[in-house]
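Visitor:
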């Protein structure tokens, strides 16, 4: 190119690019590869036992008294960045779950599942207390708000395990069994309240028929609605197992809506049905 300029000949288009031979292109490719490796999430110092040196002022900084657990450290890992998407490396939570699950026994996992169910059932009974309201506000609560509160709280134990101890969950039946146990616990307490506090023998046409009804139909409804909601949590759990990332409860939204709808429709129909069957 310089010789062409000296001779008064205009440079040929692409001459400079032609002068950049294979060696230049090879060097550029190596540099790009080094950059990609250097800026990769896998090259973070925290993942190699290193890290940056702390500022001297950190010694005087206030620190939280609540220690961070392993689940928080895994959830905050750079490998769980949304930008990595499905093409990125397996999330740190997936590896952490697999490691912790290997150290857990089946009996211990089943015990934790039952404990979550037994805690969630009574926890949801708060809805039964509030449903004792009268008038139009009580009707709106029974049809719209009580189903939302009760169905969410009956699944609260398993949601807690999904968020904090996902390594304790190893099979789909855990969610279904927990839903049935929580619903039965809730129904037992609710039925005891109705037959011992809310309704007296003189308030209904047939006390025996009322007791049988309370212990069969509403109990079956609670179990059915809870099982539907639990299928949503199964979907959340399977998604977490597949991508090794934090539990995304949005995947259960449709199932919870269906469970709440079943509960709400039953409460709406139970009002006229109660008058027909039990009104004196």
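In this note's numbering, the protein residues as written are 1410 to 1689. Glycine is no exception: its CB is placed at the ideal position from the N, C-alpha and C atoms. Quick caveat, the model's predicted, so the values are computed rather than measured.
Out of 1587, 1663 and 1560, which one is the CA nearest neighbour of residue 1519?
Guide: Numbered from its first residue, the chain shown carries residue 1519 at position 110. Ranked by Cα distance from residue 1519, the first of 1587, 1663 and 1560 is 1587.
Visitor: Measuring CA to CA, which of 1584, 1585 and 1623 is closest to residue 1601?
Guide: Walking along the chain shown from the start, residue 1601 turns up at place 192. Of the listed residues, the one whose Cα sits closest to residue 1601 is 1623.
Visitor: Return the chain-ordered ranges of every alpha helix (DSSP H) run that is complete within the region 1606-1665 and spans a minimum of 4 residues.
Guide: 1616-1652
Visitor: How close, in whole Å, do the beta carbons of residue 1525 and residue 1566 come, if the pair is a contact with beta carbons under 8 Å?
Guide: As a working note, residue 1525 is residue 116 in the chain shown. As a working note, residue 1566 is residue 157 in the chain shown. Sure, about 3 Å apart at Cβ, within 8 Å.
Visitor: From residue 1685 to residue 1614, what distance separates their C-alpha atoms?
Guide: Working through the chain shown from its first residue, we reach residue 1685 at position 276. Working through the chain shown from its first residue, we reach residue 1614 at position 205. Distance between the alpha carbons of residue 1685 and residue 1614: 10 Å.
Visitor: Relative to the C-alpha of residue 1552, which residue among 1678, 1639, 1688 and 1683 is closest?
Guide: Sequence index remark: in the chain shown, residue 1552 carries index 143 (1-based). For residue 1552, the closest of 1678, 1639, 1688 and 1683 by C-alpha to C-alpha distance is 1678.
Visitor: Are there 16 or more other CB atoms within 10 angstroms of the CB of residue 1559, so buried, or fewer, so exposed?
Guide: To locate residue 1559, count along the chain shown from 1; it is residue 150. Classification of residue 1559: buried, given that the 10 Å Cβ count is 16 or more.
Visitor: Give every residue of the same chain whose Cβ lies closer than 7 Å to the Cβ of residue 1527, excluding the five residues on either side of it in the sequence, and list them in chain order.
Guide: On the chain shown, residue 1527 is found 118 positions in, with the first residue counted as 1. 1590 and 1594, listed in sequence order.
Visitor: Let me confirm a value: residue 1426 is counted as buried when at least 16 other C-beta atoms fall within 10 Å, else exposed. Which label applies?
Guide: The residue labelled residue 1426 in the question sits at position 17 within the chain shown. For residue 1426, the predicted structure reports a pLDDT of 49, less than 50, and the residue's modelled location is therefore unreliable. The matter cannot be settled from this model.
Visitor: Just mark residue 1610 as buried or exposed, buried being the case when its beta carbon has 16 or more other beta carbons within 10 Å.
Guide: Taking the first residue of the chain shown as 1, we reach residue 1610 at position 201. The residue is exposed, with fewer than 16 neighbouring Cβ atoms inside 10 Å.
Visitor: Work out the CA separation of residue 1503 and residue 1652 for me, nearest whole Å.
Guide: The residue labelled residue 1652 in the question sits at position 243 within the chain shown. The residue labelled residue 1503 in the question sits at position 94 within the chain shown. Their Cα atoms are separated by approximately 7 Å.
Visitor: When you compare only the Cα positions, how much space is there between residue 1581 and residue 1646?
Guide: Along the chain shown, read from residue 1 onward, the residue named residue 1581 stands at position 172. Along the chain shown, read from residue 1 onward, the residue named residue 1646 stands at position 237. Computed Cα separation, rounded: 8 Å.
Visitor: State the start and end residues of the unbroken alpha helix (DSSP H) segment that holds residue 1594.
Guide: Taking the first residue of the chain shown as position 1, residue 1594 is located at position 185. Residues 1582-1602.
Visitor: On a Cα-Cα basis, can you pick out the residue from 1599, 1635 and 1669 that is closest to residue 1620?
Guide: The count along the chain shown starts at 1 and reaches residue 1620 at position 211. Nearest C-alpha to residue 1620: 1599.
Visitor: First and last residue of the alpha helix (DSSP H) that includes residue 1555?
Guide: Within the chain shown, the letter at position 146 stands for residue 1555. Segment 1555-1563, the alpha helix (DSSP H) holding residue 1555.
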